[in-house]
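When we follow my numbering, the leftmost residue of the sequence shown carries the number -13, and every step to the right adds one. The beta carbon of each residue, even a glycine, is placed where N, CA and C say it ideally should be.
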Amino acid sequence: MNFEDFCAKLEILDEEEGNRVRDKYIEKFVDAKHPLYESQIKHRHKFSDGYCYEGYLWDYLKSKYFIEKEKIGEKAKTLGTIYVFWDIHSCERIFVKNYWKFGKNTVLKLPFSILMEGQQYLPEDIYIFDEKMTWTFVITHEDIDGTCYCLKSGNI
-13 MNFEDFCAKL EILDEEEGNR VRDKYIEKFV DAKHPLYESQ IKHRHKFSDG YCYEGYLWDY
47 LKSKYFIEKE KIGEKAKTLG TIYVFWDIHS CERIFVKNYW KFGKNTVLKL PFSILMEGQQ
107 YLPEDIYIFD EKMTWTFVIT HEDIDGTCYC LKSGNI
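Printed below as a string of structure tokens:
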């Protein structure tokens, strides 16, 4: 799928709605009481491209369990519309050319199957979840022994 086709099949939430959804996700799935959350996530640091955090939300995920990326792909076939966003990092810390195809603060709404088809257009660390926020999957940039490090939390 090319980028234009991918974009035609998704909705970009407006900034206010995107911030509301992101905040609700953090409230539901992230341990904001973790000792490092304040300095790594909540307190954003000034970079040349704006205020960004330095950690990864998935480091502070509540009740997280490892899941194989293939299992996420299987779920994508049976689940409908989802939301997805990524960590708010600075271009000063990302060394991949043309990394940001969407804004750093963007939240997308789209069919899960389309997300999996167009994942190459998104940053490496993505947070996938349902509208009711009963579950989340996280696909990270890390790997363990050649296996993509993915996490799940919630009831799915």
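Check, Outcome
"Evaluate P109 with the Cβ neighbour count: other Cβ atoms within 10 Å of its Cβ, from every protein chain shown; 16 or more gives buried, anything less gives exposed.", "buried"
"Once DSSP output is grouped into helix, strand and coil, what is the label at G41?", "coil"
"Fully enclosed by the region 83 to 128, which alpha helix (DSSP H) runs are 4 residues long or longer?", "98 to 103"
"Could you name the residues that DSSP lists as bridge partners for V70?", "L94 and I114"
"Hey, how far is the Cα of Y11 from the Cα of E103?", "24 Å"
"Which word fits A62, buried or exposed, when buried means at least 16 other C-beta atoms lie within 10 angstroms of its C-beta?", "buried"
"Just curious, the alpha helix (DSSP H) that I145 is in, first and last residue?", "This structure gives no information on residue 145, because the portion of the chain shown stretches from -13 to 142."
"Using beta-carbon positions only, say whether W44 and V124 come within less than 7 Å of one another.", "yes"
"DSSP three-state label for L25, please.", "Sequence check: residue 25 is Ser here, not Leu. Looking at S25 - three-state DSSP - the assignment turns out to be helix."
"Would T122 pass as a contact of F15 if the rule is Cβ separation under 7 Å?", "yes"
"Using only alpha-carbon positions, find the residue among R6, K87 and D116 that is nearest to I68.", "D116"
"Is the CB-CB distance between D35 and D73 below 7 Å?", "no"
"Who does I53 pair with in a DSSP beta bridge?", "C136"
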